[in-house]
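Add 2 to the 1-based position in the sequence shown for my numbering, that's all there is to it.
Below is one structure, written out as structure tokens; the observations come after it.
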Amino acid sequence: MEKKTQKNLKFPDGFLWGSGTSAHQVEGHNHNDWTEWERSNAKRLAQHSKKYWEKSQHLFPEMGLESNYISGCACDHYNRYEEDFDIAKSLGQNAHRFSIEWSRIEPEEGVFNEQAIEHYRQVIWALKKRGIEPFVTLWHWTLPYWIAKMGGWEKRKTIDYFLRYTEKIIEELGDDVKFWITLNEPEIFSGNCYLKGIRPPQKKNILSYLRVIKNLIKAHKSSYKIIKKINPNSRIGIAKNNIYFEAYKNRITNLFLKKFIDWWWNFYFLNKIKNQQDFIGLNYYFHNRINKGFNKNENKNTTDMGWEIYPEGIYHVLKNLKKYNLPIYIIENGIADAKDEKREKFIKDHLYWIHKAIKEGVDIKGYFYWSLLDNFEWDKGFWPRFGLVEIDYQTMNRKIRPSALEYKKNIEKNAIE
Ligand code: GCO
């Protein structure tokens with residue numbers, strides 16, 4: 003009888019495999035606009051969770067506690083990065099994304115903290131020593147408190163501050179880093195902070211929202227130029243959260259809405275910076291079947307946070323990015339899954355669709371699972387568990403989840419089965 007052979011789907015040679023974190027979510031002991039906001043909002047968020055997350059309350063009782071919403075010492079990654087990178091290496095990873103915390107670098111206006119810069123130099127070297135390629139984000143949502151007090155991204159002055167900070171970082175660390183991500187998810191940031199008003203500074207003002215987007219575009223373009231001037235060989239992009247939008251039942255109004263929102267959410271920012279990026283950093287989490295402006299997803303399978311799991315969406319999103327003719331790195335894709343029941347399949351299914359896009363000519367060069375560690379999930383706090391590595395927040399012990407070992411098998415084979 004003929005033996006059934008399993009087919010391996012190979013990824014391109016030199017494909018980067020990694021995972022990511024962001025400073026505020028893992029480092030601990032920061033002082034920035036978020037830590038201030040956490041202090042004054044923890045109580046409200048704890049109370050709100052009791053209603054909003056009623057059904058998952060018993061699974062994650064910590065969501066009802068104020069302490070869940072205070073980043074505090076987070077994962078103590080600021081002190082334990084060597085241990086964490088040892089884990090990443092043991093999991094076969096050859097790339098890692100992290101962010102530099104601006105509030106540590108410039109705690110007061112114009113005052114740069116050399117010790118903090120030295121810290122990140124050590125972090126970068128720690129990665130390189132382990133054969134791990136650093137992807138460094140300059141701004142992952144948190145601001146030095148003095149900038150936030152002055153009006154944050156609504157003010158044009160913040161662009162100048164960002165450029166001065168960029169210049170300092172690139173002069174100091176530029177020689178050791180090839181891949182830079184200037185900004186993380188401008189749409190999610192501006193939408194949550196200036197339109198929905200659920201994250202600091204909690205505004206609900208369309209003009210502020212538009213102003214912030216405009217300033218972020220400007221900030222990226224100018225910082226791109228600064229980085230290139232100092233280090234022409236560096237590769238620069240942003241982290242772009244794209245959503246797979248569909249029109250429910252292909253109804254005409256839904257199609258029209260889909261077209262508009264696709265343009266605004268997925269492409270507007272990228273179009274504006276199309277001459278100032280060397281790669282596209284894609285973050286993929288969401289699918290949205292639009293019906294009269296509302297979301298009509300089937301939600302057959304969801305994460306601990308109730309987000310629909312829809313791996314096929316990443317394929318469509320990738321195909322739609324092909325028109326930019328740039329290399330694409332998937333720099334975030336992940337799942338909150340405390341029991342680690344769905345993560346292995348989640349990763350494999352997404353890799354399957356990514357592979358299909360590669361086969362059809364999309365130039366995809368890397369995949370970074372979000373996240374290496376369980377961490378502080380912004381206004382949700384610590385209860386959502388995204389990590390390949392589980393953190394015990396009492397002891398700070400790290401424990402590798404079984405799905406991480408499955409991911410490792412893919413990395414070692416540079417393939418999925
Ligand atoms: C984001 C952020 C991450 C989140 C992750 C899960 O891109 O939204 O970069 O900080 O933790 O996306 O929500």
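For each residue, glycine too, the CB sits at the ideal point set by N, CA and C.
inquiry  = Short of 6 Å in beta carbon distance, which residues of its chain neighbour I219, apart from the five on each side in sequence? Order them along the chain.
reply    = Translated into the one-based positions of the sequence shown, residue 219 becomes position 217. The answer, listed in chain order, is K274.
ask   = Does DSSP put M3 in a helix, in a strand, or in coil?
value = To locate residue 3, count along the sequence shown from 1; it is residue 1. No answer about M3 holds up, because its pLDDT of 45 lies below 50 and its placement is not dependable.
task = Pair every Cβ in the region 261-271 with every Cβ in the region 174-181, then say whether three or more of these pairs are closer than 8 Å.
result = no
query = Three-state secondary structure (DSSP) at L140?
reply = Translated into the one-based positions of the sequence shown, residue 140 becomes position 138. L140 falls in the strand class under three-state DSSP.
inquiry  = Whole angstroms are fine: how far does the CA of C77 sit from the CA of L209?
reply    = Translated into the one-based positions of the sequence shown, residue 209 becomes position 207. Translated into the one-based positions of the sequence shown, residue 77 becomes position 75. Near 37 Å, if we compare the C-alpha coordinates of C77 and L209.
task = Say yes only if the C-beta of Y287 is nearer than 7 Å to one or more non-hydrogen atoms of the ligand GCO, and no if none qualify.
result = As a working note, residue 287 is residue 285 in the sequence shown. Yes, since a heavy atom of the ligand GCO falls inside the 7 Å radius drawn around the Cβ of Y287.
request  = Within its chain, find whatever has a CB closer than 6 Å to the CB of K205; leave out the 5 residues flanking it on each side and keep chain order.
outcome  = For the purposes of this step, residue 205 is identified with residue 203 of the sequence shown, where counting begins at 1. Same-chain partners within the cutoff: Y196, G199.
task = Tell me the start and end of each unbroken alpha helix (DSSP H) in the region 200-279 that is at least 4 residues and wholly inside, in chain order.
result = 208-232, 254-263, 270-274
inquiry  = Within the continuous beta strand (DSSP E) that includes F100, where are the two ends?
reply    = Residue 100 sits at position 98 when you count from the first residue of the sequence shown. Note, F100: beta strand (DSSP E), 97-101.
message = For the alpha helix (DSSP H) containing S405, name the first residue and the last one.
response = By one-based count along the sequence shown, residue 405 stands at place 403. Segment 404-415, the alpha helix (DSSP H) holding S405.
Where the alpha helix (DSSP H) through F13 begins and ends = On the sequence shown, residue 13 is found 11 positions in, with the first residue counted as 1. Element bounds for F13: n/a, residue is neither H nor E.
ask   = For the ligand GCO, any of its heavy atoms closer than 7 Å to the Cβ of N96?
value = Locating residue 96 in the sequence shown gives position 94, where the first residue counts as 1. No, Cβ of N96 sits at least 7 Å from all heavy atoms of the ligand GCO.
ask   = Going by other Cβ atoms of all chains shown within 10 Å of its Cβ, with 16 needed for buried, is I254 buried or exposed?
value = Residue 254 sits at position 252 when you count from the first residue of the sequence shown. Result: exposed.
query = Would DSSP call D306 helix, strand or coil?
reply = For the purposes of this step, residue 306 is identified with residue 304 of the sequence shown, where counting begins at 1. It is coil, neither helix nor strand.
Endpoints, beta strand (DSSP E) assigned at T184 = Taking the first residue of the sequence shown as position 1, residue 184 is located at position 182. Run containing T184: 181-186, per the beta strand (DSSP E) assignment.
inquiry  = Alpha carbons only, please: which of P329, I171, Y287 is nearest the one belonging to I232?
reply    = As a position in the sequence shown, residue 232 is number 230, starting the count at 1. Of P329, I171, Y287, the residue nearest in Cα terms is I171.
inquiry  = For a quick check, are the C-beta atoms of N186 and T144 less than 8 Å apart?
reply    = Numbered from its first residue, the sequence shown carries residue 186 at position 184. Numbered from its first residue, the sequence shown carries residue 144 at position 142. Not closer than 8 Å, so no.
task = Determine the closest residue to E201 out of L47, L67, E68, with distance taken between C-alpha atoms.
result = On the sequence shown, position 199 is the one that residue 201 refers to. It should be noted that the sequence gives Arg, not Glu, for residue 201. Nearest of L47, L67, E68 to R201, Cα basis: L47.
message = Which complete beta strand (DSSP E) runs does the region 114-177 hold, if anything under 3 residues is left out?
response = 135-141
query = What did DSSP end up calling K197 once you bin it into helix, strand or coil?
reply = If you number the sequence shown from 1, residue 197 lands on position 195. Here the sequence assigns Leu to residue 197, which means Lys is not the residue at that position. Of the three classes helix, strand and coil, the one that applies to L197 here is helix, per DSSP.
Rounded C-alpha distance that separates S192 from F13 = What you label residue 192 is simply residue 190 of the sequence shown in a count that begins at 1. What you label residue 13 is simply residue 11 of the sequence shown in a count that begins at 1. Computed Cα separation, rounded: 35 Å.
ask   = Going by alpha carbons, who is nearest to L284 out of I238, F87, W127, E362?
value = For the purposes of this step, residue 284 is taken as residue 282 along the sequence shown, with counting starting at 1. It is I238 whose Cα lies nearest to the Cα of L284.
task = Could you tell me how far apart the beta carbons of D376 and I393 are, in whole angstroms, since I believe they sit closer than 8 Å?
result = Here residue 376 corresponds to residue number 374 of the sequence shown, with the count starting at 1. Here residue 393 corresponds to residue number 391 of the sequence shown, with the count starting at 1. Yes, D376 and I393 are in contact; Cβ-Cβ is about 4 Å, under 8 Å.
request  = Would you mind working out which of W385, N327, Y354 sits nearest K341, comparing C-alpha positions?
outcome  = By one-based count along the sequence shown, residue 341 stands at place 339. The shortest C-alpha separation from K341 is found at W385.
query = Taking just the CA atoms, how far does K324 sit from M3?
reply = For this step, residue 3 is matched to residue 1 along the sequence shown. For this step, residue 324 is matched to residue 322 along the sequence shown. Low confidence applies to M3: its pLDDT is 45, below 50, so where it sits in the model is not reliable, and the reading given next is rough at best. In a straight line, the C-alpha of M3 is about 44 Å away from that of K324.
ask   = Along the chain, where does the alpha helix (DSSP H) that runs through D86 open and close?
value = The residue labelled residue 86 in the question sits at position 84 within the sequence shown. Segment 79-92, the alpha helix (DSSP H) holding D86.
query = What's the C-alpha gap between Y122 and G368?
reply = By one-based count along the sequence shown, residue 122 stands at place 120. By one-based count along the sequence shown, residue 368 stands at place 366. Cα-Cα distance, rounded: 23 Å.
request  = Tell me whether E187 counts as near the ligand GCO, meaning its Cβ is closer than 7 Å to at least one heavy atom of that ligand.
outcome  = As a working mapping, residue 187 is identified with position 185 in the sequence shown. Within the cutoff, so yes.
inquiry  = On the DSSP letters alone, give me the boundaries of the alpha helix (DSSP H) that K347 sits inside.
reply    = Taking the sequence shown and counting its residues from 1, the one referred to as residue 347 is at position 345. Here the alpha helix (DSSP H) through K347 covers 345-361.
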